[in-house]
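Some notes on the structure that comes next.
Number of protein chains: 4
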Amino acid sequence: MPLKIQTPLILVNFKTYLEATGRKAVELAKTAERVSRETQVSICVAPQFTDIAAVAEEVEIPVFAQHIDPIEPGSHTGYVLADAVKEVGAVGTLINHSERQLRLSDIDAAIKIARGKGLVSVVCANNQSISAAVAALKPDMVAVEPPELIGTGVSVSKAQPEVVTATVRLVRKVNPTVTILCGAGISNGEDVAAALKLGTQGVLVASAVVKAKDPYRVLLEFAEKAKTNI
Amino acid sequence: MPLKIQTPLILVNFKTYLEATGRKAVELAKTAERVSRETQVSICVAPQFTDIAAVAEEVEIPVFAQHIDPIEPGSHTGYVLADAVKEVGAVGTLINHSERQLRLSDIDAAIKIARGKGLVSVVCANNQSISAAVAALKPDMVAVEPPELIGTGVSVSKAQPEVVTATVRLVRKVNPTVTILCGAGISNGEDVAAALKLGTQGVLVASAVVKAKDPYRVLLEFAEKAKTNI
Amino acid sequence: MPLKIQTPLILVNFKTYLEATGRKAVELAKTAERVSRETQVSICVAPQFTDIAAVAEEVEIPVFAQHIDPIEPGSHTGYVLADAVKEVGAVGTLINHSERQLRLSDIDAAIKIARGKGLVSVVCANNQSISAAVAALKPDMVAVEPPELIGTGVSVSKAQPEVVTATVRLVRKVNPTVTILCGAGISNGEDVAAALKLGTQGVLVASAVVKAKDPYRVLLEFAEKAKTNI
Amino acid sequence: MPLKIQTPLILVNFKTYLEATGRKAVELAKTAERVSRETQVSICVAPQFTDIAAVAEEVEIPVFAQHIDPIEPGSHTGYVLADAVKEVGAVGTLINHSERQLRLSDIDAAIKIARGKGLVSVVCANNQSISAAVAALKPDMVAVEPPELIGTGVSVSKAQPEVVTATVRLVRKVNPTVTILCGAGISNGEDVAAALKLGTQGVLVASAVVKAKDPYRVLLEFAEKAKTNI
Chain P
100 MPLKIQTPLI LVNFKTYLEA TGRKAVELAK TAERVSRETQ VSICVAPQFT
150 DIAAVAEEVE IPVFAQHIDP IEPGSHTGYV LADAVKEVGA VGTLINHSER
200 QLRLSDIDAA IKIARGKGLV SVVCANNQSI SAAVAALKPD MVAVEPPELI
250 GTGVSVSKAQ PEVVTATVRL VRKVNPTVTI LCGAGISNGE DVAAALKLGT
300 QGVLVASAVV KAKDPYRVLL EFAEKAKTNI
Chain Z
100 MPLKIQTPLI LVNFKTYLEA TGRKAVELAK TAERVSRETQ VSICVAPQFT
150 DIAAVAEEVE IPVFAQHIDP IEPGSHTGYV LADAVKEVGA VGTLINHSER
200 QLRLSDIDAA IKIARGKGLV SVVCANNQSI SAAVAALKPD MVAVEPPELI
250 GTGVSVSKAQ PEVVTATVRL VRKVNPTVTI LCGAGISNGE DVAAALKLGT
300 QGVLVASAVV KAKDPYRVLL EFAEKAKTNI
Chain S
100 MPLKIQTPLI LVNFKTYLEA TGRKAVELAK TAERVSRETQ VSICVAPQFT
150 DIAAVAEEVE IPVFAQHIDP IEPGSHTGYV LADAVKEVGA VGTLINHSER
200 QLRLSDIDAA IKIARGKGLV SVVCANNQSI SAAVAALKPD MVAVEPPELI
250 GTGVSVSKAQ PEVVTATVRL VRKVNPTVTI LCGAGISNGE DVAAALKLGT
300 QGVLVASAVV KAKDPYRVLL EFAEKAKTNI
Chain F
100 MPLKIQTPLI LVNFKTYLEA TGRKAVELAK TAERVSRETQ VSICVAPQFT
150 DIAAVAEEVE IPVFAQHIDP IEPGSHTGYV LADAVKEVGA VGTLINHSER
200 QLRLSDIDAA IKIARGKGLV SVVCANNQSI SAAVAALKPD MVAVEPPELI
250 GTGVSVSKAQ PEVVTATVRL VRKVNPTVTI LCGAGISNGE DVAAALKLGT
300 QGVLVASAVV KAKDPYRVLL EFAEKAKTNI
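Protein chains in written order, with our numbering: chain P, 100 to 329; chain Z, 100 to 329; chain S, 100 to 329; chain F, 100 to 329.
Okay, here's the thing in structure tokens:
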């Protein structure tokens with residue numbers, strides 16, 4: 100029986116890292132599945148489009164696309180169709196990752212298409228006001244990336260708590276029910292613990308897991324910290 | 100043993116048609132493979148990213164991506180990595196399809212990346228001057244789409260021959276060795292015959308095959324006409 | 100003394116219509132100024148970038164840019180700098196017009212730059228959820244364009260009132276103080292009256308004025324209806 | 100009588116530098132005009148859109164836009180119309196500057212629109228293959244930017260001659276009559292001399308002039324070196 104998406108949630112973005120491409124994507128997804136089974140913490144993976152099918156075939160943890168285009172079936176050569184990612188086994192999708200930013204109307208359209216197809220939408224937002232705007236579009240989840248934590252090397256557990264709590268408060272005001280993930284500043288278990296204590300319900304991580312020497316060990320630490328800090 | 104890419108060539112673009120998504124992509128690819136075996140004419144298919152793996156697993160005809168992004172492995176969430184499409188079995192890629200047009204420098208970069216990875220590059224160009232410009236970038240193939248034939252309902256066999264021959268001449272002047280496909284105006288076998296007679300070495304088709312009631316019959320007609328009009 | 104921006108507001112977008120390019124942009128702006136003086140209703144104009152200087156030189160009504168790029172001074176060849184539009188006399192700018200849509204993070208950045216330079220920001224939003232999202236970014240004004248009114252020929256005065264009031268309500272919930280303009284469905288004076296009655300504080304118009312045989316007469320009707328329907 | 104565009108040509112791109120915005124754009128253009136008159140070398144300026152009118156009003160040297168959009172008059176809010184830049188006095192335009200890159204089909208369309216309106220088109224190309232591709236589109240001029248010279252601090256006079264001559268040769272092969280400018284690596288008079296000796300017919304410069312303490316002195320040196328190295 101496939102494992103469910105539930106909070107606290109760890110969502111691992113494979114990006115276009117070679118360490119998580121092709122057969123290595125399947126291997127990493129299996130590691131994530133193993134940790135998820137052992138800890139009973141929900142871990143999801145977001146491999147590249149080309150790897151979704153094999154990953155979804157091989158593991159029972161939830162698989163996400165990294166992006167969908169705001170299109171319906173038809174003449175859209177080279178674009179990513181929600182129906183197609185769903186048919187090969189994805190149950191959700193990232194939208195508007197900071198590396199794949201979309202026009203506002205396309206974010207809105209992609210969320211609506213995801214909703215229509217039964218795909219869980221996780222929309223990324225890289226500052227406070229954008230987080231609030233995104234929350235107004237009613238996605239299933241918002242992954243907030245406080246600018247103080249993006250690419251600065253500052254981790255959540257070391258940052259001023261206000262950096263995260265202010266964003267959480269703003270998002271909650273606009274949308275009381277959306278699930279909030281912390282999408283930046285997660286390097287170790289302490290950061291996962293801090294992110295949850297500060298009001299988010301999970302984390303969106305990438306290199307900390309994918310580039311780790313021992314992804315199993317890192318994910319295990321993340322999951323255990325998540326379990327004890329809900 | 101996998102079938103080779105050779106001219107005359109029929110390249111079938113699956114676009115994001117539901118009729119060629121998921122399991123239906125595999126079915127259609129099998130039909131193309133059957134015709135290719137029966138006629139010994141080279142037929143290639145370009146399914147959606149998510150379907151490349153399954154299609155390449157199930158058939159021995161060459162499989163193309165519909166697009167690659169001009170990126171190297173790394174932090175490029177939601178983009179299409181050449182290494183990834185190659186690892187799941189693609190041997191080539193469309194670039195700059197009229198529905199997925201790129202900046203000039205990105206076309207150039209994508210061609211170079213494809214070359215570096217050993218992927219066959221088929222660059223689309225939707226008028227004469229653009230065809231010449233694209234030829235200067237030295238891709239493996241150029242798919243020319245004379246504007247008189249795009250979405251006008253006019254087919255190659257009915258159009259003034261000059262519509263195609265003028266483009267072929269211009270492309271040849273800039274790049275004597277590039278393979279030229281006719282990328283518009285192909286509805287039936289007569290059009291395939293006309294395209295080859297006018298100097299192209301193959302056709303890029305989509306709806307005429309994908310949306311056909313009997314894709315087998317259509318492809319068979321295309322392949323037979325291709326065989327007798329080299 | 101320059102005329103002020105105040106509600107009810109009529110904002111005339113000159114687009115790239117030849118009828119409002121170059122000397123004709125100045126003429127149309129003078130017509131708008133004349134109506135504004137005669138009726139004491141605030142009328143603003145948004146000419147093309149190249150015409151802002153001449154228009155701002157010749158009239159005392161407020162002049163808007165049609166777009167600014169989210170950039171600071173520097174190496175941004177071909178982009179539109181807030182400082183530059185301000186120096187030639189613009190006092191505000193449209194952002195994210197449905198014909199010039201931006202990435203969410205660029206809308207956010209453009210609003211912040213406009214605020215920093217003292218330019219009034221009018222952000223366009225072409226449906227309910229986008230209007231709410233935009234309101235969360237705290238621009239000075241939101242121009243809402245209910246999809247039922249865009250390019251359908253249905254005008255505000257003929258549409259179900261709910262089409263406009265639902266959007267106004269949603270925007271107000273997220274941002275109680277933002278000025279709301281009705282940005283679609285305004286063809287005649289009745290539509291201006293309806294838009295104001297339904298809770299907006301002004302209108303964003305284009306072809307109804309620019310393409311009119313007698314823009315003076317049309318603007319006069321708009322202004323008089325605006326005056327009596329606050 | 101307005102000064103003509105002739106080779107050797109010095110084209111000064113004002114970018115969005117504050118040192119060349121608004122009144123300062125006019126001042127800098129006057130300095131360029133003074134040097135052009137004194138040396139009889141053709142110097143052109145490319146100010147921001149908002150400053151074209153004032154610059155063209157105040158000087159008689161040729162004025163270029165930094166970009167035009169591939170649009171015809173109509174509903175294109177926030178875009179740059181060729182007719183509009185022409186009406187305020189521009190006689191040419193940059194297209195596809197490395198900071199404002201366009202899709203291939205948009206470069207092609209912009210060149211055709213420029214030609215149709217009688218605007219001189221200067222298309223930028225940031226490596227050899229792109230330079231050849233651009234030359235195939237038949238613009239009036241190509242500004243080549245060898246990657247070895249962009250942002251590396253290496254200037255033309257110090258680089259291997261082959262860096263420039265190889266590109267010139269390739270462009271000439273595709274288009275024997277296009278005017279070729281050297282668009283990178285120009286810091287001082289020696290570089291201007293080297294660029295012309297290596298087969299280009301002029302230079303496209305920006306910061307070396309705009310950011311100079313004494314733009315008059317720098318431009319004078321450039322012009323004198325240009326004069327003696329045709």
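Heads up, the beta-carbon is just placed ideally off N, CA and C, and yes, glycines get one too.
Query, Result
"Residues in the region 194-208 of chain S having any Cβ partner in chain P nearer than 7 Å", "N195, Q200, L201, R202, L203, S204, I206, D207"
"P260/P, buried or exposed, once every other Cβ within 10 Å from all chains shown has been counted against 16", "exposed"
"Integer Cβ distance of P146/S from L102/S, believed to fall under 8 Å", "16 Å between Cβ atoms; not a contact."
"Three CB pairs or more closer than 8 Å across the region 132-147 of chain P and the region 201-208 of chain Z", "no"
"Minimum Cβ-Cβ distance from A265/S to chain P less than 8 Å", "no"
"Contact with chain S by K237/P, beta-carbon distance below 8 Å", "yes"
"Contact the region 112-127 of chain S vs the region 167-185 of chain F: 3+ CB pairs below 8 Å", "yes"
"Whole runs of the beta strand (DSSP E) within the region 208-270 of chain Z, excluding any shorter than 3 residues", "219-224, 240-243"
"Close-in-space but distant-in-sequence residues of the same chain around N225/F (CB under 7 Å, 5 per side omitted)", "S197, E244, P246, I249"
"For G284/F, the residue or residues it bridges with in DSSP", "None, per the DSSP bridge assignment."
"In DSSP terms, what I109/S is bridged to", "I142/S, V302/S"
"Span separating the alpha-carbon of E126/P from that of Y315/P", "11 Å"
"Residues near D290/S in its chain [Cβ-Cβ closer than 7 Å; skip 5 each side]", "S254, V255, S256, G284"
"Residues near A265/S by beta carbon distance below 7 Å, same chain, minus five either side", "Q227"
"Coil, strand or helix - L193/P by DSSP", "strand"
"Cut-off 6 Å between Cβ atoms - residues of its own chain near L110/S, not counting five sequence neighbours on either side", "C143, L303"
"Sufficient close CB pairs (3 or more, under 8 Å) joining the region 185-196 of chain Z to the region 316-325 of chain P", "no"
"Where the alpha helix (DSSP H) through E159/P begins and ends", "Counting along the chain, E159/P falls outside any alpha helix (DSSP H), and DSSP gives it neither H nor E."
"Reference R271/F; option with closest CA among A292/F, V241/F, A293/F", "V241/F"
"Whole-angstrom distance between I104/S and G301/S, CA atom to CA atom", "11 Å"
"Rounded separation between V267/Z and E186/Z - CA only", "34 Å"
"Simplified DSSP state of I329/P, which is helix, strand or coil", "coil"
"Cα-Cα separation between G188/P and A153/P, rounded to whole angstroms", "9 Å"
"Where R122/F falls: helix, strand or coil (DSSP)", "helix"
"Chain Z within 8 Å of S220/F, Cβ atoms only", "no"
"Any non-hydrogen atom of the ligand MN within 7 Å of R214/P CB", "In the structure shown, the ligand MN is absent, as is every other ligand, since no ligand is present at all."
"Host alpha helix (DSSP H) of E186/P (start-end)", "181-186"
"Contact check, F113/P vs A124/P, beta carbons under 8 Å", "yes"
"Rounded C-alpha distance that separates G288/S from V277/S", "24 Å"
"Proximity winner among T176/Z, S230/Z, P172/Z, relative to V222/Z (alpha-carbon distances)", "S230/Z"
"Minimum Cβ-Cβ distance from E244/Z to chain P less than 8 Å", "no"
"Own chain residues within Cβ distance below 7 Å of I170/Z, not counting five before or after", "Y178, L180"
"Simplified DSSP state of T130/S, which is helix, strand or coil", "helix"
"Cα-Cα separation between F163/Z and E157/Z, rounded to whole angstroms", "14 Å"
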